[in-house]
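Notes follow the structure.
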Amino acid sequence: MHGRVLIIAGSDSGGGAGIQADIKTVTALGGYGATAITALTAQNTRGVFGILPIAPDFIAEQARRVLTDIGADCIKIGMLHSTAVIEAVANIIDELAGNIPLLLDPVMIAKDGTSLLDPAALRVLKQRLLPRATLITPNIPEAEALSDFKIDRPEVMSQAASTLLALGPAGVLLKGGHLPGRQLHDLLITQDYQENFQFQRIASPHTHGTGCTLASAIAAGLAQNRPLPEAVRRAHAYVQEAIRLAPGYGKGQGPLNHTHTVSPFEI
């Protein structure tokens, strides 16, 4: 076990996304996952049926107790649903984690369309956390909300990613899965590097949690001291196989197979 990842995100009772997907992913890739849970959700493969926020002070206390004992080699941030939560998380990072790589997955909308971020909090997210991030991993709708840039085809992704990079993060992975077509395009960009990842879309309804999973897979790589491009490549390969081997659970958008890297333990 190598690479400690502190995951600050919401819980998915269905186990396909959020904290549950994050822990499975980090573990499956050989890392150690610790958590600060920001919200509880009642959800399954059909949608989100309820959200119970955790008090911002208690979110910060969870992170504090992990950072001052176990420590972290990377921090992965997912669902932060309000201004108060963003402020609490930003403050604890400034206090205790100034030199730790930070991966920000700006979770705003669930797959069923449920809003997971208070619109008033978007400005604070951009001010407090984006400039601190080693990498942000927005999908198309999230990138449009952050940049006010319309992204309707792969050809404009580079310009959109550059607009996001100007907001202060060290790197941007713009995920193109929401664009139509059989070919998927993800774009990784930093101040001095750019790489375009292309994949064939896998025809499957079982893609719940792909964003959380990809971000946590990258975070595990960063925690294990892999260079950013290498961490992204491994994460893409892991997610593609997890989709291909999805177990088909649930009656809606089912979870991935996060454990495809793990051999069963025989008793």
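Numbers 109 to 375, taken from this note's numbering, label the letters of the sequence shown in order.
Cβ coordinates follow ideal geometry from the N, Cα and C atoms, glycine included.
Coarse secondary structure for residue i, derived from DSSP in three states
i: residue 190; result: coil
i: residue 242; result: coil
i: residue 353; result: coil
i: residue 359; result: coil
i: residue 148; result: strand
i: residue 161; result: strand
i: residue 344; result: helix
i: residue 232; result: helix
i: residue 113; result: strand
i: residue 143; result: strand
i: residue 200; result: helix
i: residue 177; result: coil
i: residue 323; result: helix
i: residue 290; result: coil
i: residue 275; result: coil
i: residue 374; result: coil
i: residue 332; result: coil
i: residue 171; result: helix
Beta-bridge pairing of residue i - partner residues as DSSP gives them
i: residue 257; result: Partner(s): none; residue 257 has no beta bridge.
i: residue 304; result: 295
i: residue 120; result: 149
i: residue 207; result: None, per the DSSP bridge assignment.
i: residue 282; result: 295
i: residue 155; result: 152
i: residue 184; result: 115 and 211
i: residue 247; result: 283
i: residue 316; result: 363
Residue i, buried or exposed, once every other Cβ within 10 Å from all chains shown has been counted against 16
i: residue 205; result: buried
i: residue 214; result: buried
i: residue 117; result: buried
i: residue 264; result: exposed
i: residue 333; result: exposed
i: residue 313; result: exposed
i: residue 268; result: buried
i: residue 119; result: buried
i: residue 113; result: buried
i: residue 284; result: buried
i: residue 209; result: buried
i: residue 250; result: buried
i: residue 260; result: exposed
i: residue 111; result: buried
For residue i, the nearest candidate out of the options (CA to CA)
i: residue 327; options: 133, 118 and 119; result: 133
i: residue 349; options: 253, 114, 136 and 275; result: 136
i: residue 109; options: 331, 306 and 164; result: 331
i: residue 216; options: 233, 202 and 209; result: 233
i: residue 271; options: 341, 246 and 289; result: 246
i: residue 287; options: 273, 302 and 309; result: 309
i: residue 278; options: 202, 207, 131 and 241; result: 241
i: residue 282; options: 237, 344, 141 and 373; result: 344
i: residue 304; options: 316, 315 and 280; result: 280
i: residue 129; options: 365, 274, 372 and 273; result: 365
i: residue 337; options: 373, 273 and 298; result: 298
i: residue 168; options: 199, 139, 293 and 311; result: 199
i: residue 306; options: 291, 111, 324 and 300; result: 291
i: residue 174; options: 229, 209, 256 and 115; result: 115
i: residue 244; options: 367, 142, 176 and 324; result: 324
i: residue 315; options: 359, 275, 339 and 363; result: 363
i: residue 371; options: 138, 111, 121 and 131; result: 138
i: residue 191; options: 163, 361 and 347; result: 163
i: residue 193; options: 182, 261, 262 and 166; result: 166
i: residue 202; options: 172, 225, 356 and 177; result: 172
i: residue 346; options: 356, 224, 359 and 367; result: 367
i: residue 430; options: 181, 177, 229 and 359; result: No statement about residue 430 is possible, as the shown extent of the chain runs from 109 to 375 and does not include it.
i: residue 207; options: 300, 153, 179 and 329; result: 179
i: residue 266; options: 329, 239, 302 and 170; result: 302
Contact with chain D by residue i, beta-carbon distance below 8 Å
i: residue 173; result: Given the protein chain composition of this structure (a single chain), no chain D is represented.
Quick check: the segment 125 to 138 against the segment 306 to 325, are there 3 or more CB pairs under 8 Å? yes
So, do the segment 181 to 189 and the segment 141 to 152 have three or more beta carbon pairs nearer to each other than 8 Å? With a cut-off of 8 Å, the segment 141 to 152 and the segment 181 to 189 count as touching, because enough Cβ pairs lie within range.
Do the segment 350 to 360 and the segment 157 to 164 touch if we need at least three Cβ pairs shorter than 8 Å? no
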